[in-house]
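Counting from 1, position 289 in the sequence shown corresponds to residue 312 in our numbering; the numbering is continuous, with no gaps.
All residues carry an ideal CB built from backbone N, CA and C; glycine is no exception.
Shown next, in structure tokens, is the structure this report addresses.
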Amino acid sequence: MSRMLNAARANVVLGPIGAVLAATTSVLVARWLGPDTYADYAMLLAVLAWLLLLGEAGCNFGLQRYLADAGQVHARRRLYDVLQWRRWGVVLVLVVAVSALGPVWAASLGLPSERWDRLTFGMVGVLAGVTLHAQLATSCLLAGFDHLRAMTTANVMTILRAAALGSVCVYFREPVALVAALLAAACIEAALLHVWAVRELHSERSPLPPGMANAAQRHGLVGLIDKITTAFTAAPFLLLVLAAFHGRAELAMFAVATDVLQRVLAVVFLPISNLVIPMLNDSRGDRERFVRQVERLGGLVTLVAAFAVAGLAAAIPAGFPLLFGAPYAGAVPIALMWLAPLFIEASIRMIWGHALLALDHRRWLLGFNVVAGISALLVVAAVAKADVLVAVAIVGTVRLAMAGGILVRAAHFGLLPAESRPLRVVAAAMVALTLSWLAQSAAADAPPLLRLSLGLGIFAATIAAALHLLPLLPKRSHEVLRQLAGRHGPLFLRLVPRYRAQG
Numbered sequence: 024m025s026r027m028l029n030a031a032r033a034n035v036v037l038g039p040i041g042a043v044l045a046a047t048t049s050v051l052v053a054r055w056l057g058p059d060t061y062a063d064y065a066m067l068l069a070v071l072a073w074l075l076l077l078g079e080a081g082c083n084f085g086l087q088r089y090l091a092d093a094g095q096v097h098a099r100r101r102l103y104d105v106l107q108w109r110r111w112g113v114v115l116v117l118v119v120a121v122s123a124l125g126p127v128w129a130a131s132l133g134l135p136s137e138r139w140d141r142l143t144f145g146m147v148g149v150l151a152g153v154t155l156h157a158q159l160a161t162s163c164l165l166a167g168f169d170h171l172r173a174m175t176t177a178n179v180m181t182i183l184r185a186a187a188l189g190s191v192c193v194y195f196r197e198p199v200a201l202v203a204a205l206l207a208a209a210c211i212e213a214a215l216l217h218v219w220a221v222r223e224l225h226s227e228r229s230p231l232p233p234g235m236a237n238a239a240q241r242h243g244l245v246g247l248i249d250k251i252t253t254a255f256t257a258a259p260f261l262l263l264v265l266a267a268f269h270g271r272a273e274l275a276m277f278a279v280a281t282d283v284l285q286r287v288l289a290v291v292f293l294p295i296s297n298l299v300i301p302m303l304n305d306s307r308g309d310r311e312r313f314v315r316q317v318e319r320l321g322g323l324v325t326l327v328a329a330f331a332v333a334g335l336a337a338a339i340p341a342g343f344p345l346l347f348g349a350p351y352a353g354a355v356p357i358a359l360m361w362l363a364p365l366f367i368e369a370s371i372r373m374i375w376g377h378a379l380l381a382l383d384h385r386r387w388l389l390g391f392n393v394v395a396g397i398s399a400l401l402v403v404a405a406v407a408k409a410d411v412l413v414a415v416a417i418v419g420t421v422r423l424a425m426a427g428g429i430l431v432r433a434a435h436f437g438l439l440p441a442e443s444r445p446l447r448v449v450a451a452a453m454v455a456l457t458l459s460w461l462a463q464s465a466a467a468d469a470p471p472l473l474r475l476s477l478g479l480g481i482f483a484a485t486i487a488a489a490l491h492l493l494p495l496l497p498k499r500s501h502e503v504l505r506q507l508a509g510r511h512g513p514l515f516l517r518l519v520p521r522y523r524a525q526g
């Protein structure tokens, strides 16, 4: 338990640091490149996102689920090596395919051939392979609750990646140069994480039990299909579809709005998401303990998501033009429309989707995700020619419906206890957002920085007063937050007294 708590604290402290650095880098790259070039860069990253998704091959989830079982026969290193080799086989096929077909696809959209040649697509494919190698090594460290080492390495590499991208942007304004910088940083990161993972596994090379590697991949593929169906309504896929019917300025607005929200999502949820799978897998043999973990994690993620969505909605109208500059002002309504569905779906899938997977509801999840994926594809195809805001609104509705299906299934099996859905927190966040928007509307003629400061100040004051004066937090969520506070626990109790927790 102490190692799990230390891992949680490492995530709370170190996880957001790397994500904030990555978000800052994205802002600087967007400003340096300008909307026209940024649209090309964003589409290359969208291609990379899909290669990472397809090349994952179920290995990340599978390794985390079966690493402890392999450890019982001293075969953890063997399982890690087998899954790495299988993944590289898939990646090589993807590299050949994207190098051959990528330029044809780019030409069909009228994209500039000098930016979208075979070399560019080949580099993106290799970057995907190296990144996937690093991901599996990270999964190994997370499964062993060695979050401090994983997060420290990730943060150091985020700083290096930011420096590399910044240097390239100063001298080269071509997307392929940025991909080359990302590839160099990814190679260093993969090497470091691989070394740490190998040390964690202590050279356990005993033969695997028959079928264990296949079972690990089958388990992971269910989670992968879940991610693929989610990706059909995610920003990278929608950007690639919209590219055939919309101008580069519109694509840049959509890309910058969705990218920065995805980065913020990582800042907010990374400390929790890295713990969810190990904690649920660790308790899956004890039903009562498992439900208690879902209760803790669900209440915590609802609390975090509610305050994050409301806080971002308060900051976006004045904050986006300040961060990205006037050329990206058109991204504001897109960001506001994309915000809530993104965070709500991520919250539900992260807790209740993984809870169902941990309890081996694989057949239902597979069927549900296939139906949801086909429905999402049909909807995206139908709205591709529509105005970008209309497309974003419809796709957001589909995302909420898909997440709702998972929540209904979880409730049917008793995985939706009352403390996992603290509705008072959501109500308090909405009240704070309303007051913030009213204040910003009253100061509409003020400079953007003043409006932003006023809106966020009122939002923060309202939330702080509500937490201190009202019983908003579920009891178990309050306990988790107090434990995560560590030596700062007394300060946390002064801000949010124990008697203000529900129950």
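Where the alpha helix (DSSP H) containing residue i begins and where it ends
i	result
Ser476	Pro471 to Leu492
Arg228	No alpha helix (DSSP H) contains Arg228, which DSSP labels as neither H nor E.
Ala266	That residue, Ala266, is in no alpha helix (DSSP H); it is neither H nor E in DSSP.
Ile417	Val411 to His435
Gly133	That residue, Gly133, is in no alpha helix (DSSP H); it is neither H nor E in DSSP.
Asp92	Cys82 to Gly94
Thr457	Leu446 to Ala465
Met360	Ala354 to Ile371
Ala378	His377 to Ala381
Arg319	Arg310 to Phe347
Phe391	Arg385 to Val406
Distance between beta carbons of residue j and residue i, contact taken as under 8 Å
i	j	result
Val448	Leu495	5 Å
Leu247	Glu368	Not a contact, Cβ separation roughly 17 Å.
Leu365	Leu288	6 Å
Leu224	Tyr103	6 Å
Ile374	Phe277	Not really, about 28 Å apart at Cβ, beyond 8 Å.
Ala399	Val421	6 Å
Ala203	Leu188	That belief does not hold up - the Cβ atoms of Ala203 and Leu188 are roughly 10 Å apart, past 8 Å.
Leu132	Ala267	6 Å
Nearest neighbour of residue i, chosen from the options [CA to CA]
i	options	result
Leu115	Phe391, Leu77 and Ala275	Leu77
Ala65	Arg54, Thr154, Asp282 and Thr485	Asp282
Glu318	Pro364, Leu438, Leu205 and Ala358	Leu438
Ala214	Ala160, Glu197, Ala467 and Asp249	Ala160
Cys163	Pro440, Leu106, Val191 and Phe330	Leu106
Leu216	Ala236, Ala203, His435 and Thr175	Thr175
His156	Val394, Leu188, Arg138 and Ala220	Ala220
Leu345	Ala45, Val50 and Leu44	Val50
Pro471	Ser190, Glu197, Ala338 and Ala409	Ala338
Leu44	Arg307, Ile182, Pro233 and Ala341	Ile182
Glu197	Asp59, Gly145, Thr420 and Ala239	Asp59
Ser296	Ala378, Ala46, Val314 and Ser459	Ala378
Ser443	Tyr61, Phe313, Thr252 and Arg222	Phe313
Asp8	Asn392, Leu492, Ala433 and Gly243	Not covered by the structure: residue 8. The range shown for the chain is 24 to 526.
Val70	Val147, Cys82, Pro135 and Arg110	Val147
Met302	Leu284, Ala91 and Ala185	Ala91
Per-residue burial, residue i [other beta carbons within 10 Å of its own, 16 or more giving buried]
i	result
Ile371	buried
Pro513	exposed
Asp63	buried
Val403	buried
Ala275	buried
Glu311	exposed
Asn304	buried
Val406	buried
Asn237	exposed
Gln87	buried
Arg100	buried
Phe255	buried
Gly234	exposed
Ala30	Caution applies to Ala30, whose pLDDT of 49 falls short of 50 and renders its modelled position unreliable; the value that the coordinates give is listed next. It is buried - the Cβ of Ala30 has at least 16 other Cβ atoms within 10 Å.
Ala351	Per the sequence shown, the amino acid found at residue 351 is Tyr instead of Ala. Answer is buried; the Cβ neighbour count reaches 16.
Pro259	buried
Met24	The predicted position of Met24 is uncertain, since its pLDDT is 47 and thus under 50; a value taken from the coordinates is nonetheless stated next. Exposed.
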